[in-house]
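Each remark here refers to the structure printed beneath this line.
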Amino acid sequence: MSRKHAEHEDAGQEHLAEVIGDEPSTVGNPGMWKFFVLSAIGIFMFFVPITIGEKNTIPLDHMVSWLRAEIPAVLPYYALALIAAGAAYPWVSGTWKRNVTTTVFSVLRVVGLVVGIMLVFKLGPAWLFEDDMGPFLFNALVVPVGLLVPIGAVFLALLVGYGLMEWVGVIVRPFMVPVFKTPGRSAVDAVASFVGSYSLALLITNRVYLEGKYNRREALIIATGFSTVSATFMIVVAKALDLMEHWTLYFWSTLVITFLVTAVSVRVWPLSREPEEYAEGATPQPEVDHEGSRWAAAWQAAKGTVAADPGVGRTILANFRDGLLMAMAILPSILSVGLIGLVLAKYTPVFDWLGYLFYPITWAMQIPEPLLVAKAAALGISEMFLPAALVTESAMSVKFVVAVVCVSQVIFFSAMVPSLLGTQIPISIPRLLVIWFVRVAISLILTIPLALWLF
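Take 335 as the starting number for the sequence shown in the numbering used here and just add one per residue.
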């Protein structure tokens with residue numbers, strides 16, 4: 335943490351001490367308009383779906399869609415520029431030699447740049463240009479994420495920088511701590527995930543982790559437990575599997591099961607054994623439980639954050655820079671790691687073999703076509719859309735199980751894993767695979783009885 339930021343934190347603590355006991359009023363606290371106005375703008379951009387044309391989604395997604403419609407010819411080159419910068423960054427900055435994982439992913443970023451050049455300039459073998467390979471990765475993932483993360487970072491500054499997370503954290507701490515083993519402020523992450531997307535949720539988690547407000551274990555629980563695909567992606571899955579007539583049931587079932595799986599997985603290795611250490615250079619700011627009025631304590635926490643604000647422009651600029659760096663890390667990895675996953679899924683029996691890991695569960699719980707469900711569950715690790723393609727002709731109970739599990743698994747290699755590895759939250763691939771296995775197994779155990787009862 336920089337000296338200047340530390341000074342602002344100290345100023346915030348001093349201000350917080352001065353205002354203890356004040357009523358929730360902006361009188362005598364002229365800066366508190368930021369808490370109401372800027373936080374409200376952040377909430378609107380991330381959490382309030384609005385209908386424009388025939389599309390109902392959050393304003394941030396509308397902005398990205400508008401840009402894609404207005405400048406479609408420019409976007410491939412914009413994305414390629416980010417990929418090139420991201421591929422060069424670890425080698426120029428020297429971060430490639432930090433450990434084995436960063437070295438491997440630094441090489442994979444270069445591979446992603448090569449794939450990006452081939453796709454943009456139409457070079458390479460025919461299989462790369464099949465609709466479900468390179469074009470899918472580039473058009474459905476790289477371009478939207480390349481726009482969403484930097485633009486989202488600007489409004490993220492308003493959402494997390496002016497006391498909202500601290501206020502929410504104090505209010506919901508009695509629920510979040512015992513259930514999920516995470517601070518109350520992580521509730522904002524959880525909602526951002528389901529309304530927005532994993533890339534936005536990870537952007538929030540990484541920012542809060544670097545500020546010392548999450549420790550490593552908390553950040554990993556949030557990143558692997560709440561960073562789901564957005565409701566928009568869920569609609570695509572529901573349409574593919576003829577579940578739109580049961581959309582409300584599907585959405586709420588998925589939300590509840592995903593959070594139940596997270597509540598169980600935090601009590602199982604490896605998440606249960608993750609160290610509770612803070613980001614290097616960050617000043618630890620753990621949440622504290624408050625005595626007396628929880629609402630008054632929440633107001634004090636928000637005031638302390640607003641008092642420490644270095645200025646709206648500076649806060650937005652710092653967040654935009656973080657978002658740009660994160661996009662640079664994610665995009666080349668999507669093209670390399672995502673392509674490897676799709677190739678393995680399409681041209682090798684690897685995921686058929688992996689399916690046998692889940693077959694005992696699907697067989698014992700009497701779901702129709704148990705081997706197919708097990709294979710679909712395993713296939714989700716490569717790309718969360720792929721399982722749906724396997725069960726389009728299956729019974730409704732099978733479709734429901736696969737549709738829920740492909741979301742509640744959270745972890746998949748085409749985009750979420752590169753996004754997580756693009757943050758500064760330390761995690762290894764083997765541990766991610768174990769967390770994925772635990773989540774899928776628990777998801778199947780919870781979802782199959784529900785599906786058999788409903789259908």
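Cβ atoms here follow ideal geometry from the backbone N, Cα and C, with glycine treated the same way.
Run of the beta strand (DSSP E) containing residue i, from where it starts to where it stops
i      : result
Thr385 : Ile384 to Ile386
Thr391 : Lys389 to Thr391
Cα-Cα separation, residue i to residue j
i      : j      : result
Gly675 : Phe719 : 12 angstroms
Asp356 : Leu409 : Its pLDDT being 44, under 50, Asp356 is placed unreliably in this model, and the value from its coordinates should be taken loosely. Straight-line Cα distance between these residues: approximately 50 angstroms.
Pro424 : Arg541 : 20 angstroms
Leu658 : Ser533 : 12 angstroms
Arg550 : Glu500 : 19 angstroms
Val426 : Ser440 : 11 angstroms
Val598 : Lys515 : 10 angstroms
Ser667 : Gly645 : 34 angstroms
Ala407 : Gly518 : 43 angstroms
Pro383 : Thr391 : 4 angstroms
Lys368 : Ala632 : 16 angstroms
Glu703 : Val595 : 23 angstroms
Glu464 : Gly546 : 44 angstroms
Leu536 : Arg402 : 23 angstroms
Val600 : Asp686 : 28 angstroms
His339 : Ala630 : The pLDDT assigned to His339 is 45, lower than 50, so where the model puts this residue is not dependable; a value taken from the coordinates is nonetheless given after this. Taking the straight line joining both Cα atoms gives about 26 angstroms.
Val445 : Ala374 : 41 angstroms
Val563 : Ala553 : 18 angstroms
His349 : Tyr496 : Only weak support is given to the placement of His349: the predicted model assigns it a pLDDT of 39, under 50, and the value that follows is read from those uncertain coordinates. Approximately 15 angstroms, taken between the alpha carbons.
Ile782 : Ala652 : 45 angstroms
Ser716 : Ile745 : 9 angstroms
Lys431 : Phe381 : 39 angstroms
Ala711 : Gly626 : 47 angstroms
Asn433 : Val677 : 27 angstroms
Leu372 : Ile779 : 42 angstroms
Gly647 : Thr592 : 37 angstroms
Thr544 : Ala616 : In the sequence as presented, Thr is not what sits at residue 544; that position holds Leu. About 6 angstroms.
Ile759 : Val732 : 35 angstroms
Thr436 : Arg443 : 10 angstroms
Leu673 : Leu462 : 9 angstroms
Ala641 : Gly365 : 7 angstroms
Glu611 : Gly503 : 20 angstroms
Val353 : Arg628 : Confidence is the limiting factor: at Val353 the pLDDT is only 34, short of 50, which leaves the residue's position unreliable, though a coordinate-based value still follows. If you take the alpha carbons of Val353 and Arg628, they lie about 16 angstroms apart.
Val377 : Ala698 : Looking at the sequence itself, residue 377 is Ile, so the reference to Val does not match. Each residue's alpha carbon lies about 44 angstroms from the other.
Gln743 : Ile761 : 17 angstroms
Spatially closest choice to residue i from the options, by CA coordinates
i      : options                           : result
Leu688 : Gly714, Asp576, Trp697 and Val677 : Gly714
Ala419 : Gly495, Leu665, Trp586 and Ile377 : Leu665
Leu589 : Glu610, His396 and Ser777         : Ser777
Val511 : Thr391, Pro620 and Trp697         : Pro620
Lys709 : Ser520, Pro609, Ser667 and Leu691 : Leu691
Gly387 : Arg507, Phe381, Phe378 and Trp400 : Trp400
Ser520 : Tyr496, Val444 and Ile555         : Ile555
Ala415 : Leu442, Val477 and Thr436         : Val477
Met750 : Arg601, Ala557 and Leu544         : Ala557
Ser701 : Ala574, Val494, Val735 and Leu673 : Inspection of the sequence shows that residue 701 is occupied by Ile rather than by Ser. Of the listed residues, the one whose Cα sits closest to Ile701 is Val735.
Leu493 : Val707, Met379, Val671 and Leu788 : Met379
Asp576 : Ile650, Phe746 and Ala729         : Ala729
Ala613 : Thr757, Val671, Thr582 and Leu705 : Thr757
Met747 : Ile695, Leu475, Ala572 and Ala422 : In the sequence on display, residue 747 carries Phe and not Met. If we check each option's Cα against that of Phe747, Leu475 comes out closest.
Ala671 : Leu754, Asp523, Val571 and Lys573 : In the sequence on display, residue 671 carries Val and not Ala. It is Leu754 whose Cα lies nearest to the Cα of Val671.
Leu784 : Asp656, Asp523 and Val739         : Val739
Met308 : Pro752, Val513, Asp623 and Asp523 : As shown, the chain starts at 335 and ends at 789. That puts residue 308 outside it, with no answer to give.
Phe789 : Asp656, Phe370, His580 and Pro764 : His580
Ser587 : Thr429, Ile417 and Ala737         : Ala737
Residue interval of the alpha helix (DSSP H) (run including residue i)
i      : result
Lys431 : Segment: none, Lys431 is in no alpha helix (DSSP H) and carries neither H nor E.
Val488 : Val477 to Val494
Phe303 : Outside the shown range of the chain, which is 335 to 789, sits residue 303, and nothing can be said about it.
Met379 : Trp367 to Phe381
Ser731 : Met730 to Ser742
Pro752 : Met750 to Leu755
Would you call the stretch 625–642 and the stretch 482–490 in contact, with 3 or more CB pairs under 8 angstroms?
-> no
Runs of alpha helix (DSSP H) lying entirely within the stretch 515–574, each at least 4 residues, in chain order | 520–529, 532–544, 550–559 and 565–574
Let me know the alpha helix (DSSP H) ranges lying completely inside the stretch 562–648, each 4 residues or longer, listed in chain order.
-> 565–574, 581–599 and 628–641
Is the stretch 462–480 touching the stretch 444–454, taking contact as three or more C-beta pairs under 8 angstroms?
-> yes
contact_flag[the stretch 595–608, the stretch 766–773] where n(CB pairs < 8 angstroms) is 3 or more = yes
Which parts of the stretch 651–690 are runs of the alpha helix (DSSP H), unbroken and 4 residues or longer, counting only runs that do not cross its ends?
-> 684–689
Three or more C-beta pairs below 8 angstroms linking the stretch 473–485 and the stretch 385–399 | yes
Every unbroken beta strand (DSSP E) within the stretch 419–474, with a cutoff of 3 residues, ordered by chain | none
Which runs of the beta strand (DSSP E) spanning at least 3 residues fall entirely within the stretch 692–736, listed in chain order?
-> none
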